[in-house]
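Read the structure below first, then the notes.
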Amino acid sequence: TVEDGKTPVVDNYYMAPYCNAVITPISGNDYCATITFNVTLPAGGRIPENDGLNFSLHYSDWSSSWNTSNDYSRPASSSYVQNDRVAIFNSSNQLIYGSQP
-8 TVEDGKTPVV DNYYMAPYCN AVITPISGND YCATITFNVT LPAGGRIPEN DGLNFSLHYS
52 DWSSSWNTSN DYSRPASSSY VQNDRVAIFN SSNQLIYGSQ P
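Listed below in structure tokens is the structure:
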């Protein structure tokens, strides 16, 4: 959820060559960050590889007024935790993990 009518931007800092992150409006002040993977995953394979992915969200004016406390997928933790509020879909657009707001 964005504040004050600001425009969110996504920066792809480290993304594998077969994936990309984008942010799209849903309704009102709500946006969705989407990572798309364009790769065939072999049996036993995993995405991402050991290096992981790194992208960031910020406002186009770089202001620091982003209030993450009202964001659906924000975990209530200060450390890395499994998050079931992140929806993961397969190539047939079937939800295979998590939940949507």
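Heads up: the sequence shown at position 54 corresponds to 45 in my numbering, and the numbers run straight through without jumps.
For each residue, glycine too, the CB sits at the ideal point set by N, CA and C.
- Under the 10 Å beta carbon count, V13 is surrounded by fewer than 16 other beta carbons and is classified as exposed.
- Fewer than three Cβ pairs drawn from the stretch 51 to 63 and the stretch 28 to 43 lie within less than 8 Å of each other, which leaves the two stretches out of contact.
- If the five residues before and after M6 are omitted, its C-beta is found closer than 7 Å to the C-beta atoms of A12, L44 and F46, all from its own chain and listed in chain order.
- At a cut-off of 3 residues, the continuous stretches assigned as beta strand (DSSP E) that sit fully inside the stretch 1 to 53 are 10 to 18, 21 to 28 and 45 to 50.
- Using a Cβ-Cβ distance cut-off of 8 Å, the stretch 61 to 76 and the stretch 31 to 38 are not in contact, since fewer than three pairs of beta carbons, one from each stretch, lie closer than that value.
- Of the candidates G89, Y50 and K(-3), G89 places its Cα closest to the Cα of R65.
- Residue environment analysis places V(-7) among the buried positions, since at least 16 neighbouring C-beta atoms fall within 10 angstroms of its C-beta.
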